[in-house]
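Below: one structure, written as structure tokens.
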Amino acid sequence: MRFSRFFIPTLRETPGEAETVSHQLMLRAAMIRPVASGVFTLLPLGLRALRKIEVIVRQEMDRAGCSELLMPALQPKELWEESGRWAEMGKELIRFTDRKEREFCLGPTHEEIVTDLARHEIRSYRQLPLILYQIQVKFRDEIRPRFGLMRGREFIMKDAYSFDISKEKALESYELMRQVYCRIFERCGLNFRMVEARTGAIGGKLSHEFQVLAASGEDTLLTCDRCHYSANIELAEVRRPDAEEPKQQKRIPEIELVETPGLSSVEEVSAFFRIATNQLIKTLIVTDGREYSVVLIRGDRQLNEFKLQQYLGWKRIEMASPEKIKETTGGDVGFSGPVHLSLRMAADWDILEMGPAIVGANQRGKHFKNALQGRDFHISEFSDLRMAQNGDRCARCKDAKGVLKEYRGIEVGHIFYLDIKYSKAFQAAFLSADGKEQSLEMGCYGIGIGRTMAAAIEQNHDERGIVWPLPIAPFQVIITELGARENKRVAEVSTGLYEAMQSARIEVLYDDRDERAGVKFSDADLIGVPIRVTVSVRGISQNQVELKWRNRQDVEMMPVEQVVPYLKELLAKRGLILL
Ligand code: ATP
Ligand code: MG
0 MRFSRFFIPT LRETPGEAET VSHQLMLRAA MIRPVASGVF TLLPLGLRAL
50 RKIEVIVRQE MDRAGCSELL MPALQPKELW EESGRWAEMG KELIRFTDRK
100 EREFCLGPTH EEIVTDLARH EIRSYRQLPL ILYQIQVKFR DEIRPRFGLM
150 RGREFIMKDA YSFDISKEKA LESYELMRQV YCRIFERCGL NFRMVEARTG
200 AIGGKLSHEF QVLAASGEDT LLTCDRCHYS ANIELAEVRR PDAEEPKQQK
250 RIPEIELVET PGLSSVEEVS AFFRIATNQL IKTLIVTDGR EYSVVLIRGD
300 RQLNEFKLQQ YLGWKRIEMA SPEKIKETTG GDVGFSGPVH LSLRMAADWD
350 ILEMGPAIVG ANQRGKHFKN ALQGRDFHIS EFSDLRMAQN GDRCARCKDA
400 KGVLKEYRGI EVGHIFYLDI KYSKAFQAAF LSADGKEQSL EMGCYGIGIG
450 RTMAAAIEQN HDERGIVWPL PIAPFQVIIT ELGARENKRV AEVSTGLYEA
500 MQSARIEVLY DDRDERAGVK FSDADLIGVP IRVTVSVRGI SQNQVELKWR
550 NRQDVEMMPV EQVVPYLKEL LAKRGLILL
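If you read the sequence shown in my numbering, its first letter stands for residue 0, the second for the next number, and so on.
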């Protein structure tokens with residue numbers, strides 16, 4: 000492709016509306032342009048990078064025996080009513096009524112369509128296992144569309160659905176997809192982690208996310224430095240403390256009521272008592288709208304609402320209102336405590352290890368000092384209820400020696416084992432080998448293609464622009480021609496190299512523009528082409544061109560005739576061109 004003919008309207012200035020590096024660079028490098036909030040046009044350069052990712056995804060899916068199809072974005076309400084998600088999905092689902100007053104939505108995901116297909120087409124165990132996939136546009140009216148392609152309202156996803164005869168077989172399909180996903184992100188040249196994850200709106204029982212590590216990531220992950228345990232902070236487990244009894248001190252002073260007027264926050268109270276926040280117990284009164292429960296958490300820890308919800312078996316968790324706190328504890332909000340409280344009480348198991356602590360006294364402006372678990376108050380239920388954090392002990396390590404490390408990540412892929420959640424609702428069944436009708440066992444598997452591209456940039460850039468990993472770069476090589484107007488040889492050599500590279504099927508961008516060297520170099524750096532071949536008057540006088548990698552400082556001079564064979568070999572070795 001000649002730069003002069005290609006549509007690359009790069010920008011010098013960083014656009015004000017873009018908060019993240021990938022969003023800024025995608026705008027500056029002329030990959031995307033905004034149309035509406037969370038809606039973008041992909042410019043030619045952006046589309047090329049996107050297609051590169053799609054090709055890798057497609058090759059790996061096909062290699063694993065998955066069948067590609069294309070399902071519609073337009074989906075009838077009736078199918079969404081069958082799954083119950085027409086009511087469940089809320090405003091993220093974009094709905095509309097057609098001219099015949101029939102209701103539709105724009106698909107945010109395709110479980111409904113694919114399960115409907117399966118119930119009509121799959122009859123027998125002989126057709127299974129089956130994995131169907133597509134690379135297709137999705138619509139979600141996100142509350143906060145942002146960061147460019149990272150969180151759009153219209154975006155491209157690879158989604159796949161597996162159908163199996165049993166749970167066991169479904170887990171084999173899940174495992175296969177897990178491996179396929181690892182290969183895909185490895186081939187994209189990304190540094191990622193596979194983490195245990197929540198199942199969210201899709202539903203199901205087992206789930207992993209694929210997270211590209213980047214400081215700007217919205218997600219927090221915890222990874223064990225010893226075993227392979229990695230999990231999203233939303234559910235990352237914390238090891239139960241070894242000590243089963245509170246630390247025994249010789250003489251623990253008696254519990255004592257202390258006036259703490261107006262002091263209710265952890266910081267205020269710990270400052271008042273001149274203690275560290277880990278010597279204080281937070282007492283929270285929570286409800287699901289019907290029942291109430293007391294939760295105890297060490298002062299310096301954060302409650303993990305998801306863990307608590309699982310533990311209590313509730314559908315949702317809310318903090319009780321000040322009125323209800325008064326009614327149930329007798330005290331004011333901010334002064335709750337476990338002493339003389341007769342509600343169900345669950346404590347995070349950090350509390351197991353605590354000695355005498357500061358707790359609320361269930362009276363306005365009062366706290367207890369030296370409140371001791373087992374003496375002044377009694378807890379019957381201990382569990383892992385708090386947010387994990389950097390330095391916590393791994394719950395999965397057999398030798399108990401692993402420590403969790405915290406990372407930021409961008410979720411680029413998500414896989415779920417669905418069980419028979421959808422097939423049951425849709426009565427999607429098959430005849431088993433012994434002639435019985437059984438529900439299809441399902442799994443679903445998504446990769447955000449545009450988000451993967453954005454994540455690649457978040458992970459690979461410098462102050463001058465994008466530094467594409469070679470496998471997903473929109474072009475592999477850029478020929479930068481300098482001084483072609485003054486020197487005909489420069490133009491001849493550049494054109495010759497360009498044509499030879501094209502014949503070799505090297506993906507090459509030929510910067511044939513009549514521009515200053517500075518402009519050409521900064522554009523090449525901005526759009527991030529991995530290998531730059533510079534053809535200049537001085538180099539040509541010695542029959543040489545300059546070779547430079549975008550991710551390195553040094554340059555290398557090379558005789559003109561060696562360049563194409565060298566690049567061919569290099570790219571072929573990495574499986575990036577066919578010889
Ligand atoms: P998130 O928690 O980030 O909203 P999700 O759990 O809703 O993601 P899934 O339903 O699992 O996402 O979708 C599969 C993949 O699609 C995600 O891993 C992500 O890469 C991508 N994706 C999801 N929502 C968006 C979006 N709004 N814009 C771009 N990509 C998205
Ligand atoms: Mg989402």
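The beta-carbon is built from N, C-alpha and C at its ideal position, and this holds for glycine as well.
- Secondary structure in the stretch 181-223: the beta strand (DSSP E) runs of 3 residues or longer, each lying completely within the stretch, are 191-195, 205-212 and 218-223 in chain order.
- For the pair S229 and Y132, the Cα-to-Cα distance works out to about 27 Å.
- Proximity of the beta carbon of E410 to the ligand ATP is indicated: a heavy atom of the ligand is located closer than 6 Å.
- Below 8 Å, enough C-beta pairs join the stretch 152-169 and the stretch 429-441 to call them touching: three or more.
- Going by DSSP, I155 is part of the beta strand (DSSP E) stretching over E153 to D163.
- With contacts defined by Cβ atoms closer than 7 Å, R407 and A214 form a contacting pair.
- Proximity of the beta carbon of M156 to the ligand ATP is indicated: a heavy atom of the ligand is located closer than 6 Å.
- When only Cα atoms are considered, F154 and E174 end up about 26 Å apart.
- Placement of the Cβ of R139 at a distance of less than 6 Å from at least one heavy atom of the ligand ATP is found.
- Using a Cβ-Cβ distance cut-off of 8 Å, the stretch 456-464 and the stretch 501-519 are not in contact, since fewer than three pairs of beta carbons, one from each stretch, lie closer than that value.
- For S82, the uninterrupted alpha helix (DSSP H) segment begins and ends at K76 to S82.
- 7 Å or more divides the Cβ of I232 from the Cβ of V56.
- Annotated three-state conformation of T108 is coil, per DSSP.
- Residues of the same chain with a CB within less than 8 Å of the CB of I121, apart from the 5 flanking positions on each side, are L127, L129, F162, A427, F429 and L439 in chain order.
- For V554, the number of other beta carbons within 10 angstroms of its own is below 16, and it is reported as exposed.
- Linking E485 to V536 through their CA atoms gives a straight-line distance of about 9 Å.
- Assigned with DSSP and collapsed to three states, E304 falls in helix.
- Distances from the CB of G574 to the heavy atoms of the ligand ATP are all 6 Å or more.
- Beta-bridge partners of I409 (DSSP): V211.
- Under DSSP, the beta-bridge partners assigned to I296 are K281.
- Comparing alpha carbon positions, the residue from E171, L49, D224 and R84 closest to L148 is L49.
- Short of 7 Å from the beta carbon of N542, and not among the five residues preceding or following it, lie these beta carbons of its own chain, in chain order: P558 and V559.
- Secondary structure at P558: strand, using DSSP grouped into helix, strand and coil.
- Under the 10 Å beta carbon count, I52 is surrounded by 16 or more other beta carbons and is classified as buried.
- Q58 carries a helical assignment under DSSP once its states are collapsed to helix, strand and coil.
- When only Cα atoms are considered, G333 and E208 end up about 37 Å apart.
- Taking a 10 Å sphere around the C-beta of T96, we find fewer than 16 other C-beta atoms and assign the residue as exposed.
- Remark: the shortest separation between the CB of G151 and any heavy atom of the ligand ATP falls under 6 Å.
- Per DSSP, M0 is not a residue of any beta strand (DSSP E), being assigned neither H nor E.
- One thing to note: V34 has its Cβ no nearer than 7 Å to the Cβ of R152.
- A distance below 7 Å separates the beta carbons of V544 and V534.
- In the DSSP assignment, V507 forms a beta bridge with V476.
- Between K368 and E255 the beta-carbon gap is near 5 Å, inside 8 Å, which marks them as a contact.
- Within its own chain, the residues whose Cβ lies closer than 8 Å to the Cβ of R101, once the five positions on either side in sequence are excluded, are P75 and K76, listed in chain order.
- Nearest neighbour of H377 by Cα position, chosen from A345, Q388 and N389, turns out to be A345.
- In this structure, A360 sits near G336, with a CB-CB distance shorter than 7 Å.
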